[in-house]
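Numbering (mature numbering (1 follows the signal peptide of the UniProt record, and there is no 0)), first residue to last: -32 to -1, 1 to 571. The C-beta atom is built at its ideal place from N, Cα and C for all residues, glycine as well. What follows is a set of notes on a single structure, which appears directly below.
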Ligand SMILES: [Fe+2]
């Protein structure tokens, strides 16, 4: 559905559209009330410019039909099972192909390829209404002074007119505050899940997905895990959060895809890529998944992706609508421990003796299992404890816990999300007792890295953590290592997308309380204590967007990723930063911004 190639033609058509309709329509800015909401962050000149760009059309542009796509698309390789011998695959087609499968071979020409049948599942995908050029059609809803929609005599929202994203731009648009309402078209599609089994360890494989009767994908590749103790590395990136309204304005999927591409290149030959959640902005809008997967395809088909569910991966377009609890798992083929699918699933695997646990922090719906709506319910928490204990008993060298919602980070979510607050005491205690080495996080769109942290009682710390006074040494590689720490290091590599948050706890208490009233209980002492937990905290984007507010800033050209190198009793963490505006064709520079190691005693 991405219509980039039509852009120049579209520009001319759109320009004539604007000229024609501006003569007959009120040349007012769309969503005046939404603009007001954003006005305190916006530069007035820029705001005026962007308002002038949106002209309201009286007549709704003709809605184009959704085109079928029967060549396998939205393809991803996921770790599912034992990565020494198994691998998961997921893809989509519009129609159902009964003979769908994955072909796996050690040779590029698929000599002696093994095939593994796929299960097809019919799903309802929802696509945005678009015009002939592929531009998204928005309704400009009339709003009163309070920003509430005005309803007509028929009880329906009053529509001022229509516009498309081709007519849009400016800072408020990119912050997501300005766009109007878009309609969705339901299309039946099919998602396929296949699992390869009986593979050889430490082996590179080629694969393709599809069917004999239908079409096949291009060739992808992956490698299987080796034996315990074999060195390996992996990359982490997070919160690509591709938003549909920016598709033709500032394409976030392009930044996400580029971050992953650079992460893979920088790491060399990573064994897998970990995405810590929020792949897209709105789970219900299939266009966002399709755009992200399409642009990320060379990477998604070059290595397994370890997928963690984020809160956005279950969001409906309209906030008041039910969350979409299965969308995440429709787009990936990851395990579902306890058969629990709740906006994602939780699972774990061993990779060369390191144990990776992927939690699902979308558990927060009221149920018998979770009466207090915590980010992690009882059943999952029990599973985490048992799973890590088992891994430790089996002699895992390293334990890495992956969470979308962070326990410790430098932006507001970590301290203000109620569902996170409710698990902090229990989870940090478990992390400490179970000797988790690293906690990899997302959700807060800010660069954060703690010292090794130990659990402590609420009496000692309102966030149940204290900095461990660990011995450190500088290795021959000039990297500073924590010498056998007891505590865990919590890492959050900012974001792979364009939405960035302020490093809010570096601001004055007065400012924090003003921009995040839910943190009004914070004291100077709390703030000082919280900040003492961090070795690094920063928002790399240079902007004045956070000067007087905690705005929903969505136009960053600074993305981060991290590389984790595991070798025997040594684990090294490198956090990198990318700079350069892809939308302006700027060169992307990669820069190392933080590096540390953990050295453990021989066991
Ligand atoms: Fe999130």
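Using a threshold of 6 angstroms, is the CB atom of residue i nearer than that to any non-hydrogen atom of ligand 1?
i, result
"residue 332", "no"
"residue 279", "yes"
"residue 411", "yes"
"residue 246", "yes"
For the alpha helix (DSSP H) that contains residue i, what are its first and last residues?
i, result
"residue 264", "254 to 268"
"residue 480", "477 to 483"
"residue 356", "346 to 361"
"residue 493", "492 to 499"
"residue 471", "It is not in any alpha helix (DSSP H) - residue 471 carries neither H nor E in the DSSP assignment."
"residue 233", "220 to 235"
"residue 384", "381 to 384"
"residue 298", "295 to 299"
Closer than 7 angstroms by C-beta to residue i: which residues in its own chain qualify, once you throw out the five before and the five after it? Chain order, please.
i, result
"residue 6", "Low per-residue confidence applies at residue 6: pLDDT is 32, beneath 50, and the placement is therefore not dependable, though the value from the model is reported in the following sentence. The answer, listed in chain order, is 140, 143, 145 and 146."
"residue 447", "540, 563, 564 and 565"
"residue 573", "Nothing in the structure corresponds to residue 573, since the chain is present only between -32 and 571."
"residue -22", "Residue confidence for residue -22 is low, a pLDDT of 32 falling below 50, so the modelled location carries little weight and cannot support an answer."
"residue 30", "99 and 100"
Compare the Cα-Cα distances from residue i to each of the options and report the closest residue.
i, options, result
"residue 36", "53, 63, 498 and 56", "63"
"residue 190", "537, 149 and 170", "170"
"residue 84", "179, 109 and 90", "179"
"residue 244", "273, 348, 54 and 305", "273"
"residue 323", "354, 308 and 313", "354"
"residue 236", "551, 568, 532 and 286", "532"
"residue 307", "318, 294 and 319", "294"
"residue 279", "330, 154 and 287", "330"
"residue 463", "474, 453, 509 and 435", "509"
"residue 453", "38, 418, 297 and 127", "418"
"residue 542", "551, 465 and 560", "560"
"residue 340", "389, 208, 117 and 281", "389"
"residue 485", "504, 498, 456 and 518", "518"
"residue 187", "76, 86 and 137", "76"
"residue 177", "117, 499 and 61", "61"
Sorted by chain position, which residues of the same chain lie with C-beta nearer than 8 angstroms to residue i's C-beta, five sequence neighbours on each side aside?
i, result
"residue -19", "Residue placement at residue -19 cannot be trusted, given a pLDDT of 36 that sits under 50; what the coordinates show is reported in the next sentence. For residue -19, where only same-chain residues beyond five positions count, the Cβ hits under 8 angstroms are 101, 103, 132, 134 and 135."
"residue 261", "41, 42, 43, 44, 268 and 299"
"residue 492", "477"
"residue 487", "380, 383, 384, 480 and 481"
"residue 451", "438, 439, 440, 441 and 567"
"residue 90", "64, 156, 157 and 158"
"residue 167", "52, 53, 54, 55, 72, 173 and 192"
"residue 424", "432, 433 and 434"
Taking the beta strand (DSSP E) that residue i falls in, what are its first and last residues?
i, result
"residue 78", "Unbroken run through residue 78: none, as it is neither H nor E."
"residue 457", "457 to 461"
"residue 142", "Looking at the DSSP string, residue 142 is not in any beta strand (DSSP E); the run it does join, the alpha helix (DSSP H), is 139 to 143."
"residue 530", "526 to 535"
"residue 547", "538 to 547"
"residue 503", "502 to 506"
"residue 316", "315 to 319"
Taking the CB atoms as reference points, tell me whether residue i and residue j lie closer together than 7 angstroms.
i, j, result
"residue 521", "residue 437", "no"
"residue 316", "residue 377", "no"
"residue 88", "residue 160", "yes"
"residue 193", "residue 70", "no"
"residue 283", "residue 251", "yes"
"residue 50", "residue 56", "no"
"residue 93", "residue 157", "yes"
"residue 400", "residue 422", "yes"
"residue 407", "residue 458", "yes"
"residue 372", "residue 410", "yes"
"residue 370", "residue 276", "yes"
"residue 530", "residue 52", "no"
"residue 501", "residue 397", "no"
"residue 527", "residue 223", "yes"
"residue 414", "residue 471", "yes"
"residue 165", "residue 54", "yes"
"residue 39", "residue 196", "no"
"residue 110", "residue 124", "no"
Can you list, in chain order, the residues of its chain whose CB lies under 6 angstroms from that of residue i, leaving out five sequence neighbours each side?
i, result
"residue 555", "548"
"residue 221", "210, 259, 260 and 263"
"residue 150", "96, 104 and 106"
"residue -15", "Reliability fails at residue -15, whose pLDDT of 34 lies under 50, so the model's placement of it is uncertain and no value is given."
"residue 15", "In this predicted model, residue 15 has a pLDDT of only 36, less than 50, meaning its place in the structure is not dependable enough to derive any value."
"residue 219", "none"
"residue 345", "331, 337 and 338"
"residue 524", "466, 468 and 509"
"residue 303", "48 and 315"
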